[in-house]
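K.L.:
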Amino acid sequence: MKKRFLSLLLAFLALLPLLTLTGCGAVRTEPRPVESEPVSGESASGEAVAYVPLDDRPDNVERVVYLAESLGYALTMPDRDLYRTALDGQPLNENGTQYGDRAKLFQWVLDQEATGCDRYILSLDQLLYGGLVSSRDLSPEACVLPLPEGGSIHVSQLLENLLAVLAEDPDNVVWLLDSVMRLANVTVGYQGARLEHYNWMRAFGAQPRETLAEADLTIENVLETYWRGPGGADPYDGAARQMEAVSADDYFQPQRFVSQFIQSREQKLRLSDEVQRILSQPGHEGFRLLIGIDDSSLEDCMQKKEIAYLRRGLRTGADGEALDWLLSGVDDLAFKAVARMYLDESDSRVPWSGTAAVRYFGGTEDRPACDYDFQPLTEIMAEHFAFFRLTDQSSNHLSAGLQILVLTQPAEEGQKKTYYTELIQALQDNRANRRPTVLIDASNGTYGTAFHQALTKECELGWLLSYAGFLDMAIVTGTALSHGAARYAALNRGAVTDSMDRAWARTLADSVVKDFCYKNIVRNDLLTYIRNNLAGDPNNFWVPDIDRTAIQTRLETGMDAAAGDVLRNLERSNFAVSLEPYEERGWGGTALEDYRFPWDRAFEIGMDIQLGAFTEPHKKVLGLYVQ
1 MKKRFLSLLL
11 AFLALLPLLT
21 LTGCGAVRTE
31 PRPVESEPVS
41 GESASGEAVA
51 YVPLDDRPDN
61 VERVVYLAES
71 LGYALTMPDR
81 DLYRTALDGQ
91 PLNENGTQYG
101 DRAKLFQWVL
111 DQEATGCDRY
121 ILSLDQLLYG
131 GLVSSRDLSP
141 EACVLPLPEG
151 GSIHVSQLLE
161 NLLAVLAEDP
171 DNVVWLLDSV
181 MRLANVTVGY
191 QGARLEHYNW
201 MRAFGAQPRE
211 TLAEADLTIE
221 NVLETYWRGP
231 GGADPYDGAA
241 RQMEAVSADD
251 YFQPQRFVSQ
261 FIQSREQKLR
271 LSDEVQRILS
281 QPGHEGFRLL
291 IGIDDSSLED
301 CMQKKEIAYL
311 RRGLRTGADG
321 EALDWLLSGV
331 DDLAFKAVAR
341 MYLDESDSRV
351 PWSGTAAVRY
361 FGGTEDRPAC
371 DYDFQPLTEI
381 MAEHFAFFRL
391 TDQSSNHLSA
401 GLQILVLTQP
411 AEEGQKKTYY
421 TELIQALQDN
431 RANRRPTVLI
441 DASNGTYGTA
451 FHQALTKECE
461 LGWLLSYAGF
471 LDMAIVTGTA
481 LSHGAARYAA
491 LNRGAVTDSM
501 DRAWARTLAD
511 SVVKDFCYKN
521 IVRNDLLTYI
531 RNNLAGDPNN
541 FWVPDIDRTA
551 IQTRLETGMD
561 AAAGDVLRNL
571 ERSNFAVSLE
581 PYEERGWGGT
591 ALEDYRFPWD
601 RAFEIGMDIQ
611 LGAFTEPHKK
621 VLGLYVQ
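Anchor point for the sequence shown: position 233 equals 233 in the working numbering, and the numbering is continuous, going up by one each time.
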């Protein structure tokens, strides 16, 4: 009998890890449809922010809404058609174009001012050019808009008039978001461009250019370096020419495209310079300019000259505090603006500051994380620390309030498991000691699915303050710190509400599910299916026109299968609702619905996230979750 009991006990103990992972015994509240979410007094009376997005991708719309609501803001946005980007073959916007309606967007901002709005986050790439994609293809004619009464006006004059109106109210806080153009001006699936065209243009853009001394950084000198490499060499004679024979076709004529590329960069740089000129004038002290650096390169390319030039025009206030910033990353600009706005307003008497420590696992933090970064991870992190007013205490990480764990690409291929196992142990230690933690996957997919599977099995994903890993490394750093630093500040203030918690939970679930399930599993399946089974292009489902219903079905089936373990992990997680005193609540049921391809391409998806009511903290007894 004793032997049988012992055998049963051993068998039970052997099952404990599995039972822990599945969350056996935890109470699951039923997820509510998003449209039936109760509107609390807090969300209904949230501070209004007028927001013109970069474009209509989820990171510029849904995710920004979640972040804003998690901090007590209520975003007001124009109709989607006014800022939508349409790829080739897709239905055009109401203005008859593939890009946003600039005239109506300018009027929309003026309408918000007339209603008494005093907070703005405005994408200049959308207002001036109709979105990020169209900002890469600028002619002098594209910068001139017709007037309803006849005649025309340059977009720079429209912008100057708009900023003059906003400057009239000294209580206005206006965040302007701008970008340094990436090294290729074409976008795959837009205006006939294919991947080989993008590669050709990027190779040309990345060619080394003549170095300029600090004293020679004038806009005219920067423009001249577009055509001049080191020692007067022709950039066209570099790697770009080597690709010409492969890439040239009836549509893509390299010389013509290079001319268009140079013209677009010149227009973009001159307009960015004009924005800085306007803001340097008295009366614009309430304005903030945040410039993001789009896909870059290690080469001393044309983009480096633009960065150096624009950096000289960044303002500081009378107190020496920065009013403008230039940081790596573009798709995370709105996240940064919302978070910094909250930090600035969290206590107007004493500027917010926090302590943070970053620990890297993988051994390559001293180099760029991918081919699209021009700085090492350490430098990107330091710049973002300064932006979010975080004091670095990495040398003594236990003394820091906010913990940041970063997985880099592996320095040694054979040590991959060791690297992520060490990170998981650090995360578990932080959880046991209640240290608020941000997790960043900066590995650029080099660990496959192994890291994410281990996290799902061994860690409490829903306890993280924030997570990012889906996009390029500069962007994931800005994304994770935007959400993590803001949540940490809100918890420090002790001012979170149920509606704020629910918005925060959605943004965490969005990050985790898309990275763990879509990016690394479902998307790879879709890429193969679209190319091999449908003979289509994953970058645009309309050219050639393929069976989009079949793609949608495969997306839904794939996500339902891939997301199960991650959702169960979230549902069995607790999360902090207060730091002093430390308090937690439990996640309720979590469900995903309305999967969609916002640009009808496979790169990204949108989805709605349903949440059940939060619960009392989940507890573990002998490895089992109970309540």
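Cβ atoms here follow ideal geometry from the backbone N, Cα and C, with glycine treated the same way. Remember, it's a predicted structure, so these values are computed and weren't measured experimentally.
Just to confirm, are Tyr83 and Asp56 a CB contact at a threshold of 9 Å?
P.N.:
Yes. Within cutoff.
K.L.:
Does the count of Cβ pairs from the region 498-506 and the region 139-148 closer than 8 Å reach three?
P.N.:
Counting Cβ pairs under 8 Å, fewer than three are found: no touch.
K.L.:
Spell out the partners DSSP gives Ala184 in its beta bridges.
P.N.:
Beta-bridge pairing links Ala184 to no other residue.
K.L.:
Is the Cβ-Cβ distance between Arg315 and Ser280 less than 9 Å?
P.N.:
Yes, they are a contact pair.
K.L.:
From the DSSP secondary-structure annotation, give me the bridge partner or partners of Thr479.
P.N.:
Beta-bridge pairing links Thr479 to no other residue.
K.L.:
So the alpha helix (DSSP H) Tyr582 belongs to, where does it begin and stop?
P.N.:
Looking at the DSSP string, Tyr582 is not in any alpha helix (DSSP H); the run it does join, the beta strand (DSSP E), is 582-586.
K.L.:
Under 8 Å Cβ to Cβ from Gln191, same chain only, skipping five residues before and after it: list those, please.
P.N.:
Hits under 8 Å: Asp88, Gln98, Asp137.
K.L.:
Pop quiz: His384 and Gly478 are said to be a contact at Cβ under 8 Å. What is the actual Cβ separation, rounded to whole angstroms?
P.N.:
That belief holds up - the Cβ atoms of His384 and Gly478 are roughly 6 Å apart, short of 8 Å.
K.L.:
Ordered along the chain, which non-local residues of its own chain (more than five positions away) have a Cβ less than 7 Å from that of Gln255?
P.N.:
Closer than 7 Å at Cβ, skipping near neighbours: no residue.
K.L.:
Go through the region 164-221 residue by residue and report every complete run of the beta strand (DSSP E) that reaches 3 residues or more, in order.
P.N.:
Complete beta strand (DSSP E) runs here, min 3: 173-180.
K.L.:
Would you kindly report the start and end of the unbroken beta strand (DSSP E) that includes Met559?
P.N.:
No beta strand (DSSP E) holds Met559; the alpha helix (DSSP H) holding it covers 548-562.
K.L.:
Contact defined as beta carbons within less than 8 Å: I believe Gly46 pairs with Ala74. What is the distance between those atoms, to the nearest angstrom?
P.N.:
About 4 Å; that satisfies the 8 Å criterion.
K.L.:
Taking Val180 as the reference, give the member of Ala411, Ser328, Pro376, Val513 with the closest Cα.
P.N.:
Answer by Cα proximity: Ser328.
K.L.:
May I have a chain-ordered list of the alpha helix (DSSP H) segments no shorter than 4 residues that lie completely inside the region 95-162?
P.N.:
Counting whole runs of 4 or more residues, the region 95-162 contains the alpha helix (DSSP H) stretches 102-114, 124-129.
K.L.:
Please name the residue, chosen from Ala563, Val476, Val174, that lies closest to Gly283 on a Cα-to-Cα basis.
P.N.:
Looking at the Cα atoms, Val174 is the closest of the given residues.
K.L.:
Ordered along the chain, which non-local residues of its own chain (more than five positions away) have a Cβ less than 7 Å from that of Met492?
P.N.:
Before going on, a small fix: residue 492 reads as Asn here, not Met. Hits under 7 Å: Leu579.
K.L.:
To test your reading of the DSSP string, which unbroken beta strand (DSSP E) runs of 3 or more residues are found completely within the region 423-488?
P.N.:
The qualifying runs are 437-442, 466-468.
K.L.:
In whole angstroms, what separates the C-alpha of Ala676 from that of Glu285?
P.N.:
With the chain covering only 1 through 627, there is no way to say anything about residue 676.
K.L.:
Residue range of the alpha helix (DSSP H) that Thr378 falls in?
P.N.:
Start and end: 377-387.
K.L.:
Beta-carbon separation of Leu159 and Glu274 under 9 Å?
P.N.:
A contact, by the Cβ cut-off of 9 Å.
K.L.:
Between which two residues does the alpha helix (DSSP H) holding Asp392 run?
P.N.:
Here Asp392 belongs to no alpha helix (DSSP H); instead the beta strand (DSSP E) covers 390-392.
K.L.:
Figure out for me which residue from Tyr518, Gln157, Gln207 has the closest Cα to the Cα of Phe603.
P.N.:
Among Tyr518, Gln157, Gln207, the Cα nearest to that of Phe603 belongs to Tyr518.
K.L.:
Assuming the contact rule is C-beta atoms closer than 8 Å, Thr408 and Leu377 should be a hit. Round their C-beta distance to whole Å, please.
P.N.:
About 6 Å; that satisfies the 8 Å criterion.
K.L.:
Following the continuous alpha helix (DSSP H) through Arg277, name the residue where it begins and the one where it ends.
P.N.:
Unbroken alpha helix (DSSP H) run through Arg277: 254-279.
K.L.:
Between the C-alpha atoms of Leu343 and Val438, what's the straight-line distance to the nearest angstrom?
P.N.:
The straight-line gap from Cα to Cα measures roughly 17 Å.
K.L.:
Between the beta-carbon of Tyr372 and the beta-carbon of Val406, is there less than 9 Å?
P.N.:
Not a contact, by the Cβ cut-off of 9 Å.
K.L.:
Of all Cβ atoms in chain B, is any one closer than 9 Å to the Cβ of Pro617?
P.N.:
Absent from the structure: chain B. Only one protein chain is present.
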